[in-house]
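Here is the structure we will look at, set down as structure tokens.
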Amino acid sequence: MTDGFVPGVVVPAEVAGHRFLHVVDGSVFIDEDVDVDVDVDVEVGQAHFLGMIGDVAQWAVDVPDGEDPSDGAALDLRSFFGRVGEEERLVAGRAVQIVEWARTHRFCGRCGEPTEPIGDERAMRCPRCGLAVFPRVAPAMITLVTRGAPGPDQEILLARGVQFTVPMYSCLAGFVEPGETLESAVVREVREEVGVRVANVTYRASQPWPFPHSLMVGFRAEWVDGDIVCEPSEILDAGWYRRGALPQIPGPISIAHRLITDWVGELD
Ligand SMILES: [Zn+2]
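Residues in the sequence shown are numbered consecutively from 0, following numbering that gives the first Met the number 0.
Here is the structure:
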């Protein structure tokens with residue numbers, strides 16, 4: 000896996016081999032020994048070319064309901080993500096999202112006609128009314144809020160969301176609303192979730208987050224004023240933390256981990 004993943008929609012003329020990522024419900028299973036007749040599966044819309052790693056074509060295969068070539072060995076994406084490197088995560092996340100998109104866009108959302116794939120684009124089109132649909136990506140912002148001047152006394156705001164199953168503290172996050180900029184989503188979400196006002200929102204990094212089709216856009220923001228008042232429907236607890244006294248934070252596959260550890264590393 001040293002060549003890197005190159006996404007694509009049209010299979011190149013020269014392909015040395017094929018690799019199939021079977022999507023069983025929302026789980027993935029990779030096994031070179033499972034027979035796939037790729038031409039047939041493309042024809043019936045069950046195989047989706049994802050791109051190339053080196054000269055090997057990467058495919059997402061939509062496993063029909065009730066079938067399971069893995070005999071139960073398919074891993075849900077979160078478990079899979081914990082066992083592989085970043086490139087494998089990107090390919091598997093893409094596979095599940097493309098398959099799920101194709102499954103849920105078989106009919107036109109405007110007129111109900113069966114849709115057809117547009118050959119050289121990742122899109123489906125309605126032959127009756129012409130509506131074209133593309134894979135959905137839902138932008139969500141995630142932000143590390145700092146308080147105080149950079150240095151050993153600077154603090155960060157970490158919160159425990161109501162959905163966390165372990166006592167873990169993370170950055171604040173939320174979906175971007177229609178008509179909103181990413182920066183204004185940061186300001187709004189922080190205010191809604193913990194009641195404080197922030198400014199100087201700066202972009203740090205992004206990460207595809209296929210649960211089910213988000214793009215996490217990571218920011219840093221600076222506290223302006225206000226005490227923490229948690230919105231109880233979203234936040235169980237939140238507080239200001241210094242380096243060396245951090246609570247349990249999310250694991251390394253999440254962008255929150257990177258936002259927090261980058262900040263911690265700034266003093267080194
Ligand atoms: Zn239509």
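All residues carry an ideal CB built from backbone N, CA and C; glycine is no exception.
Original post:
So, helix, strand or coil for ARG241, using DSSP?
Top reply: In this structure, ARG241 counts as coil in the three-state DSSP scheme.
Original post:
Under a Cβ-count criterion, where at least 16 other Cβ atoms within 10 Å of its own Cβ denotes burial, should LEU65 be classed as buried or exposed?
Top reply: For the record, residue 65 in the displayed sequence is Gly; it is not Leu. GLY65 comes out exposed.
Original post:
Can you check whether the CB of PHE218 is closer than 8 Å to the CB of THR142?
Top reply: Taking C-beta atoms as the reference points, THR142 and PHE218 count as a pair closer than 8 Å.
Original post:
For VAL8, which residues of its own chain have a beta-carbon under 8 Å away from its beta-carbon, when the five flanking residues on both sides are left out?
Top reply: Once the five neighbours on either side are set aside, the close Cβ partners of VAL8 are PHE48, ASP119, GLU120, ARG121.
Original post:
Excluding the five sequence neighbours on either side, which residues of its own chain have a C-beta within less than 6 Å of the C-beta of LEU184, listed in chain order?
Top reply: The question names Leu, yet the displayed sequence has Ala at residue 184. Excluding five sequence positions before and after ALA184, the CB atoms of its chain that fall closer than 6 Å to its own CB belong to MET140, VAL175, given in chain order.
Original post:
CB of GLU112 to nearest heavy atom of ligand 1: below 7 Å?
Top reply: At a cut-off of 7 Å, the beta-carbon of GLU112 counts as near ligand 1: some heavy atom of the ligand is closer than that.
**OP:** Taking only the alpha-carbon atoms, compute the straight-line gap between THR180 and MET215 and give it to the nearest angstrom.
**Re:** Cα to Cα, the separation comes out at about 14 Å.
**OP:** Go ahead and label PRO231 buried or exposed: buried means 16 or more other beta carbons lie within 10 angstroms of its beta carbon, across all protein chains shown.
**Re:** Its Cβ having fewer than 16 others within 10 Å, PRO231 is exposed.
**OP:** Counting only the same chain and skipping the five closest in sequence on each side, list residues whose C-beta sits under 8 Å from that of ILE52.
**Re:** Here the set comprises MET0, ASP2, GLY3, PHE4, VAL5, ARG18, GLU86, VAL90.
Original post:
Can you give the Cα-Cα distance for GLY81 and ALA94, rounded to whole angstroms?
Top reply: For GLY81 and ALA94, the distance between alpha carbons rounds to 17 Å.
Subject >> CA nearest to the CA of TYR168, picked from ALA204, ARG203, GLY16, GLY238 >> reply: In this structure, GLY238 is the residue among ALA204, ARG203, GLY16, GLY238 with its C-alpha nearest to the C-alpha of TYR168.
**OP:** Could you give the DSSP three-state label for HIS256: helix, strand or coil?
**Re:** Under the three-state reduction of DSSP output, HIS256 falls in the helix class.
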